[in-house]
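**Q**
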Amino acid sequence: MKRKTEEIRRLILEKIDDLGRVSQTEVAKTFGITRQAVFKNLKELVKIGVVQKTESELHPYRLVPLSETQVTVPVGPDTQEDRIWKESVAPLLADQKVNIRGICQYGFTEMFNNVIDHSESQTADVRITTDALVVRMVIQDYGIGIWKKLQQAFQLDDPRHALLELTKGKLTTDPKRHTGEGIFFTSRMFDKFILASDKLTFCRFHEGNEWLFDVKEEETGPGTRVTMVLYLDSNKTTKEVFDKFTADLDDFGFSRTHLSVQLAKYEGDHLVSRSQAKRILNRLEKFKEVYLDFKDVTEIGQAFADEIFRVFTNDHPAVKFVPVNVTPDVSKMIQRARAHQGQNDLPI
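Numbering (this note's numbering), first residue to last: 1154 to 1501.
(1) For the beta strand (DSSP E) that contains Ser-1413, what are its first and last residues?
(2) Starting from Glu-1273, follow its DSSP beta bridges and name the residues at the other end.
(3) Quick one, which of Ala-1247, Lys-1369, Arg-1156, Ile-1336 has its alpha-carbon nearest Leu-1385's?
(4) Which class does Asp-1403 belong to by DSSP, given the choice of helix, strand or coil?
(5) Suppose the cutoff is 7 angstroms on Cβ atoms and the five residues either side in sequence are ignored; what does the same chain contact list for Thr-1276 look like?
(6) Within the same chain, show all residues whose beta-carbon is closer than 6 angstroms to that of Ala-1430, passing over the 5 residues directly before and after it, in chain order.
(7) Would you say the region 1437-1455 touches the region 1410-1425, given that touching needs at least three Cβ pairs under 8 angstroms?
(8) Does Pro-1227 come out as helix, strand or coil in the three-state DSSP assignment?
(9) Rounded to whole angstroms, what is the Cα-Cα separation between Trp-1291 and Arg-1280?
(10) Just grab the DSSP bridge partners of Ile-1347 for me.
(11) Would you please state the rounded distance, in angstroms, between the beta carbons of Phe-1265 and Ile-1237? I believe it to be under 8 angstroms.
(12) Roughly how many whole angstroms lie between the Cα atoms of Glu-1372 and Trp-1300?
(13) Let me check one thing: in DSSP terms, what residues is Met-1290 bridge-paired to?
(14) How far does the alpha helix (DSSP H) with Glu-1442 in it reach, from first residue to last?
(15) Go ahead and pull the three-state DSSP assignment for Tyr-1259.
(16) How far does the beta strand (DSSP E) with Val-1477 in it reach, from first residue to last?
(17) Going along the chain, which unbroken runs of the alpha helix (DSSP H) with 4 or more residues stay wholly within the region 1173-1226?
(18) Let me know if Ser-1350 comes out buried or exposed under the rule of 16 or more other beta-carbons within 10 Å of its beta-carbon.
(19) For Gly-1260 versus Met-1381, is the C-beta distance shorter than 8 angstroms?
(20) To the nearest angstrom, how far is it from the Cα of Glu-1240 to the Cα of Val-1251?
(21) Taking the CB atoms as reference points, tell me whether Val-1475 and Glu-1442 lie closer together than 8 angstroms.
(22) Residues bridged to Leu-1424 by DSSP?
(23) Figure out for me which residue from Thr-1207, Gln-1488, Arg-1378 has the closest Cα to the Cα of Arg-1174.
(24) Between which two residues does the alpha helix (DSSP H) harbouring Leu-1492 extend?
(25) What are the partner residues of Asp-1367, as DSSP defines its beta bridges?
(26) So, at 7 angstroms on beta carbons, what are the nonlocal neighbours of Glu-1263 in its own chain, with the 5 sequence-adjacent residues on each side left out?
(27) Measure the Cβ-Cβ separation of Leu-1505 and Arg-1427 and say whether it is below 8 angstroms.
Written as structure tokens, this is what we have:
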């Protein structure tokens, strides 16, 4: 009974964190209880001080911050991200589990180092909040903006192309000092990772056993804002995430990546051309194993499939493609391309 109560209250907290409100009917249906029982648990959360009522009809509840800090940091060549972590962030997390502190330290120092080395910003705002459910870290700079920086450095077509490249990993504008792994691993350690700059916002989040993402075109203001959210009861560790993207047991490098194919689509587009495939394939020869996630992609064209699963595979036999979340139609196209593998003059 105690465990079920904890699960009910955990779901209530999640809904409030995401939406600012709770559907008592939805929670009741999930656990096979009455709406009255859901309301009783919600009322208790308000009573013990972890949930607060608001005056908003749209968002009638909010999670109460249990600890919070906000600082503005001057950014320059002498700024040290580990010092900022030690002085301004670590004290707030002193009572959290070791794995939580480890993930937060990695994510914060990696993201703030990006501000120092890449943003061209003179200041950055840091806000750290913990409540009954999560720790939330937000870093806002006022520099060039990450999408614009990547576009200029790699002559990319537009912000969405920059986003596609970034999600692959191993992308950096300063290879002498960076490996291009920080954002890739940080976005997989936290339960929610949001990267907003100019008019493009990318959100990667964990729901159930799946990693999902959302891309929004909205005005976000100058610079780049990074938001990292981690459930305080998470048992994940930095080592677990690093190990997941190492393809071989004796290979300690970053050799495996997971790429959402849908990111190559633009609104109204279908994945049919070799040019679209080449966008996906760019730099993938740097990896040994590539998980191509076809979630929400219902069909692909013959030329698109052929470019990935025959042409590229013939040219780079050391790279292993693992398609996941494929529909029957997508699977047929992949099988067709692979059936012709080794033939260099397949007609279109």
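We put the CB at the ideal spot given by N, CA and C, even for glycine.
Nothing here was measured: the structure is a model prediction, and the numbers come from that model.
**A** Put simply:
(1) 1409-1413
(2) Glu-1273 is not bridged to any residue.
(3) Ala-1247
(4) Because the pLDDT at Asp-1403 is just 47, under 50, the model does not fix this residue reliably, and the point stays unresolved.
(5) Thr-1225, Val-1226, Pro-1227, Val-1228, Tyr-1295
(6) Phe-1457, Glu-1460, Ile-1461
(7) yes
(8) strand
(9) Contrary to the premise, residue 1291 reads as Val rather than Trp in this sequence. So the two alpha carbons sit approximately 5 angstroms from each other.
(10) Cys-1356, Thr-1380
(11) 6 angstroms
(12) 13 angstroms
(13) Ile-1281, Met-1381
(14) Premise fails: Glu-1442 lies in the beta strand (DSSP E), 1442-1446, not in any alpha helix (DSSP H).
(15) helix
(16) 1473-1477
(17) 1177-1184, 1188-1200
(18) buried
(19) yes
(20) 18 angstroms
(21) yes
(22) Ile-1453
(23) Thr-1207
(24) For the record, residue 1492 in the displayed sequence is Ala; it is not Leu. Unbroken alpha helix (DSSP H) run through Ala-1492: 1481-1492.
(25) Cys-1356
(26) Gly-1335, Thr-1339
(27) This structure cannot speak to residue 1505, because the chain is shown only from 1154 to 1501.
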